[in-house]
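>
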Amino acid sequence: MTDNNSTNDDTYGVLLYYKYAKIPNLDGLYTTYNSNCTSLSLLGRVRLAPHGVNVTIGGKLSSLNEHITLMSKNPLFEGTDFKLATCNEPVNDKIAEECGFTSLSIRVVKELVTLSSHPLLKPPEISNVGQHLSATEFHSLLQNAFETSKTSKKYVLLDARNLYETRIGKFNVPNVETLDPETRQYSDLPSWIDNHSEKLRNNNILMYCTGGIRCEMASAYIKSKGPGFENVFQLYGGIQRYMEQFPDGGFFKGKNFVFDHRVSVGSSDANVVGNCLICNFPFDDYSSRSRCRYCRMLVLVCHVCRGKSSVYICELCQKYGKPDEPEPKSEAGSKGSKKLRILCLHGFRQNASSFKGRTASLAKKLKNMVEFVYIDAPHQLQFIYQNQEIGETKFPPNKVCNRKFAWFIDPDADKNPSLNWEIAQTPFDSLQYQKQTSGYEKSVTYLKEFVAKNGAFDGIFGFSQGAAMAACVAAQKLSLKGEIDFRFVILCSGFRVNLAENEKSVINCPSLHIYGSDHGKDTQIAFDASRQLVSLFEEGSSVTIEHDYGHIIPTRSPYIDTIKDFLQRFL
């Protein structure tokens with residue numbers, strides 16, 4: 095079902111849909127999406143998993159309808175609810191980029207939505223989900239509960255969304271309790287369900303979320319708890335379909351938060367549900383993308399309060415042990431101001447000394463904020479040189495060089511590097527980094543030992559192959575807790591290494607990505623490779639800097655200002 099309110103197919107629109115089904119050929123489906131979306135100039139996010147797809151894309155309505163027509167011909171998408179809405183094109187570049195609407199990101203993942211950040215004792219069966227209710231059926235049940243104070247079984251509404259979403263809109267029905275788990279992220283929901291199961295047991299549980307996909311897994315998880323949890327119902331198509339059916343909002347009050355450049359969608363009822371975090375004035379506009387300085391969750395800060403401060407602490411961080419107010423900002427360069435301790439990982443065929451030289455300008459500009467600690471990687475490499483000729487003589491460089499190291503190596507490379515110069519077997523290969531996939535276990539063990547001897551770090555800063563290593567460590571952040579603790583990563587000219595550590599789930603770690611733009615002349619790490627690395631990290635927790643200076647770390651404005659702003663959050 096699509097929204098056909100507009101007859102002008104040249105207008106812009108957003109399409110959302112998901113489908114849980116066994117995907118027999120992931121590579122083939124990836125190729126289909128890549129070819130179709132590219133040819134139709136569609137931008138956004140496509141997530142493919144062995145058990146289904148989740149898609150949010152934008153473009154011209156004519157292109158989106160053509161995409162729907164193609165996908166509908168595939169038996170895999172039989173019965174899929176294609177939610178198509180007209181809207182304005184992205185005009186806020188910052189929001190569009192943060193929401194993934196400046197490029198096409200197609201990823202193969204293990205889970206369409208990450209129900210839990212740790213293995214569950216009893217993972218739910220997606221075939222055992224709650225009963226689907228149409229918007230009309232869902233509304234009718236709420237209406238009956240509203241009009242009848244005494245029923246044989248109590249109705250409870252369970253909001254499967256995160257706190258920043260429920261702040262600006264939720265269902266409100268007299269005689270029906272609405273349970274808001276107040277989670278930062280969806281993967282926190284199972285723990286809340288476990289800890290509040292008595293509020294759900296033996297009740298009629300009515301669940302809802304934005305578009306329906308989160309209720310699929312969450313309802314299956316509730317039903318997996320056994321007797322007393324059988325009566326689970328979910329709003330099919332989510333709040334979006336409900337608001338289409340009830341333009342005045344019905345029992346839903348406020349705005350529906352959406353994960354694209356629109357940010358939120360309201361009904362004809364203009365009542366504001368949200369409040370400014372600082373002054374408590376009615377406010378529900380997330381267009382500024384203000385975030386908590388600790389957990390990076392979106393916070394509502396009105397225009398007046400935003401002009402007074404740029405540092406905020408969300409209610410969850412206040413509630414669970416964070417200070418009520420941010421510490422006073424020290425003037426840069428003041429005595430006794432805290433510095434962030436950052437572990438620096440050099441690139442391929444570099445060493446700690448050369449990386450220190452490469453980052454000298456950056457270190458100078460950050461000297462009041464950061465202490466950089468440099469380390470050699472564990473894999474020693476051969477001394478190699480390209481063929482150079484003078485007359486009939488071939489020679490290596492006529493100088494003494496320090497040893498060169500790597501975090502990842504080519505599995506077919508010589509594992510016994512000589513101390514003598516060797517002639518390179520092939521000319522420089524700009525795609526060589528794609529072959530360097532071995533040696534991670536030795537490198538991560540090496541980092542554990544270094545941290546044990548030298549203490550904890552606030553962040554990890556990696557360049558090129560060092561950035562790929564830092565990303566792998568970030569992917570294992572939870573399992574490495576207590577051995578390699580850190581709060582953020584900075585990844586310069588990074589790329590993805592195809593390891594199991596990068597396939598488990600989206601990486602939940604604040605990150606700053608710095609890389610050459612599509613026309614930035616980085617001859618060593620392709621623009622698309624760095625963009626793909628960004629897509630591995632949780633959407634909304636990453637900051638990106640694209641520059642035109644090739645395979646370097648830019649230190650001039652405005653790039654250095656963005657770097658400082660990112661680091662300031664952790665001071």
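To convert a position in the sequence shown, counted from 1, into our numbering, add 94.
From the three backbone atoms N, C-alpha and C, an ideal C-beta is built for every residue, glycine too.
For the structure I just gave you, are there three or more beta carbon pairs, one from the segment 279-287 and one from the segment 351-361, closer than 8 angstroms?
no
> Just to confirm, is the Cβ distance from T649 to L456 under 8 angstroms?
Mapped onto the sequence shown, residue 649 falls at position 555. Mapped onto the sequence shown, residue 456 falls at position 362. Yes.
> Consult DSSP for V545 and reduce its assignment to one of helix, strand or coil.
By 1-based counting over the sequence shown, the position of residue 545 is 451. Helix at V545.
> Quick one: grab the DSSP three-state call for K658.
Your numbering for residue 658 matches position 564 in the sequence shown. K658 falls in the helix class under three-state DSSP.
> Check this for me: beta carbons of T304 and R255, under 8 angstroms apart or not?
In the sequence shown, the residue the question calls residue 304 occupies position 210. In the sequence shown, the residue the question calls residue 255 occupies position 161. Yes, they are a contact pair.
> Whose CA, out of S199, R335, F449, lies closest to the CA of V628?
Within the sequence shown, residue 628 is the residue found at index 534, counting from 1. Nearest of S199, R335, F449 to V628, Cα basis: S199.
> Along the chain, where does the alpha helix (DSSP H) that runs through T260 open and close?
As a working mapping, residue 260 is identified with position 166 in the sequence shown. The continuous alpha helix (DSSP H) containing T260 extends over residues 257-260.
> Checking the sheet assignment: what are the DSSP bridge partners for T638?
Counted from its first residue, the sequence shown places residue 638 at position 544. H607.
> Does DSSP classify L392 as helix, strand or coil?
Sequence index remark: in the sequence shown, residue 392 carries index 298 (1-based). DSSP places L392 in strand when its eight states are reduced to three.
> Straight-line CA distance for Y112 to K450?
By one-based count along the sequence shown, residue 112 stands at place 18. By one-based count along the sequence shown, residue 450 stands at place 356. Straight-line Cα distance between these residues: approximately 47 angstroms.
> Hey, would you say L158 sits closer than 8 angstroms to L142, going by beta carbons?
Translated into positions along the sequence shown, residue 158 becomes position 64. Translated into positions along the sequence shown, residue 142 becomes position 48. Against a cut-off of 8 angstroms, the Cβ pair of L142 and L158 comes out as no contact.
> So L273 and Y302 are supposed to be a Cβ contact under 8 angstroms. How far apart are they, rounded?
Reading the sequence shown from its first residue, position 179 is the one you call residue 273. Reading the sequence shown from its first residue, position 208 is the one you call residue 302. No, L273 and Y302 are not in contact; Cβ-Cβ is about 11 angstroms, not under 8 angstroms.
> Please state if the CB of F499 and the CB of N445 are separated by a distance shorter than 8 angstroms.
Here residue 445 refers to the residue found at position 351 of the sequence shown. Here residue 499 refers to the residue found at position 405 of the sequence shown. The answer is yes: Cβ separation under 8 angstroms.
> Verify whether the separation of the beta carbon atoms of Y114 and G153 is less than 8 angstroms.
Counting from 1 along the sequence shown, the entry for residue 114 is found at position 20. Counting from 1 along the sequence shown, the entry for residue 153 is found at position 59. For Y114 and G153, no; Cβs fall outside 8 angstroms.
> Taking the CB atoms as reference points, tell me whether S605 and A562 lie closer together than 8 angstroms.
Counting from one through the sequence shown, the residue named residue 605 turns up at place 511. Counting from one through the sequence shown, the residue named residue 562 turns up at place 468. Not in contact: S605 and A562 (Cβ atoms no closer than 8 angstroms).
> Please work out which residues of its chain come closer than 6 angstroms, Cβ to Cβ, to R335, disregarding the five sequence neighbours upstream and downstream, and give them in chain order.
Indexing the sequence shown from 1 puts residue 335 at position 241. Closer than 6 angstroms at the Cβ level, and outside the excluded window around R335, lie A229.
> Which same chain residues, not among the five before or five after C586, have their C-beta less than 6 angstroms away from its C-beta?
Looking up residue 586 in the sequence shown gives position 492. Excluding positions up to five away in sequence, the list reads F557, A561, I608, I647.
> Nearest to Q225 by CA position, among Y249, L178, W286, C309, is which residue?
The residue you call residue 225 lines up with position 131 of the sequence shown. That would be C309, whose Cα lies nearest to the Cα of Q225.
> By a C-beta neighbour count over all protein chains shown, 10 Å radius and 16 as the cutoff for buried, is T150 buried or exposed?
Sequence index remark: in the sequence shown, residue 150 carries index 56 (1-based). Its Cβ being crowded by 16 or more others within 10 Å, T150 is buried.
> Out of curiosity, what's the CA-to-CA distance linking K433 and F377?
As a first step, residue 433 must be located in the sequence shown, where it is residue number 339. As a first step, residue 377 must be located in the sequence shown, where it is residue number 283. When rounded, the separation of the alpha-carbon atoms in K433 and F377 is 35 angstroms.
> From C131 to I162, what distance separates their C-alpha atoms?
If you number the sequence shown from 1, residue 131 lands on position 37. If you number the sequence shown from 1, residue 162 lands on position 68. The straight-line gap from Cα to Cα measures roughly 11 angstroms.
> Where E241 and Y315 are concerned, what is the direct C-alpha to C-alpha distance, given to the nearest angstrom?
By 1-based counting over the sequence shown, the position of residue 241 is 147. By 1-based counting over the sequence shown, the position of residue 315 is 221. Their Cα atoms are separated by approximately 30 angstroms.
> Hey, out of G138, N369, Y388, N325, whose CA is closest to H397's CA?
Taking the first residue of the sequence shown as 1, we reach residue 397 at position 303. Of G138, N369, Y388, N325, the residue nearest in Cα terms is N369.
> How long is the line joining the alpha carbons of L460 and K658, rounded to whole angstroms?
Here the question's residue 460 lines up with position 366 in the sequence shown. Here the question's residue 658 lines up with position 564 in the sequence shown. Their Cα atoms are separated by approximately 8 angstroms.
> For A620, does the count of other Cβ atoms within 10 angstroms reach 16, so buried, or fall short, so exposed?
The count along the sequence shown starts at 1 and reaches residue 620 at position 526. A620 comes out buried.
> I think G348 touches G306, with their Cβ atoms under 8 angstroms apart; what is that distance to the nearest whole Å?
To locate residue 348, count along the sequence shown from 1; it is residue 254. To locate residue 306, count along the sequence shown from 1; it is residue 212. The Cβ separation is near 19 angstroms, so there is no contact.
> For D579 versus R435, is the C-beta distance shorter than 8 angstroms?
For the purposes of this step, residue 579 is taken as residue 485 along the sequence shown, with counting starting at 1. For the purposes of this step, residue 435 is taken as residue 341 along the sequence shown, with counting starting at 1. For D579 and R435, no; Cβs fall outside 8 angstroms.
> Quick check on the DSSP output: the alpha helix (DSSP H) that includes C309 runs from which residue to which?
What you label residue 309 is simply residue 215 of the sequence shown in a count that begins at 1. Per DSSP, C309 belongs to the alpha helix (DSSP H) from 307-317.
> Exposed or buried, which one is E259 when buried takes at least 16 other CB atoms within 10 Å?
The count along the sequence shown starts at 1 and reaches residue 259 at position 165. When all chains shown are included, E259 counts as buried.
> Does the Cβ of C373 have 16 or more other Cβ atoms within 10 Å, making it buried, or fewer, making it exposed?
To locate residue 373, count along the sequence shown from 1; it is residue 279. When all chains shown are included, C373 counts as exposed.
> Give the DSSP-derived three-state secondary structure of F621 in the structure shown.
Position 527 of the sequence shown, counted from the first residue, corresponds to residue 621. Reduced to three states, the DSSP call for F621 is helix.
> At what residues does the alpha helix (DSSP H) containing F582 begin and finish?
Mapped onto the sequence shown, residue 582 falls at position 488. Counting along the chain, F582 falls outside any alpha helix (DSSP H), though it belongs to the beta strand (DSSP E) covering 582-586.
> Please check the pair F346 and F232, which I expect to be a contact at CB under 8 angstroms, by giving their CB distance rounded to whole angstroms.
To locate residue 346, count along the sequence shown from 1; it is residue 252. To locate residue 232, count along the sequence shown from 1; it is residue 138. Not quite, the Cβ-Cβ distance comes to about 10 angstroms (not below 8 angstroms), so this is no contact.
> Using CA coordinates, which residue listed in C603, N592, K571 is at the minimum distance from V202?
Within the sequence shown, residue 202 is the residue found at index 108, counting from 1. Checking every option, the nearest Cα to that of V202 belongs to N592.
> Which one of R387, K458, A565, Q570 has the shortest CA to CA distance from L665?
As a position in the sequence shown, residue 665 is number 571, starting the count at 1. Checked all of R387, K458, A565, Q570; the closest Cα to L665 is R387.
> Any idea which residues DSSP pairs M301 with across the strands?
What you label residue 301 is simply residue 207 of the sequence shown in a count that begins at 1. M301 pairs with L252, Q328.
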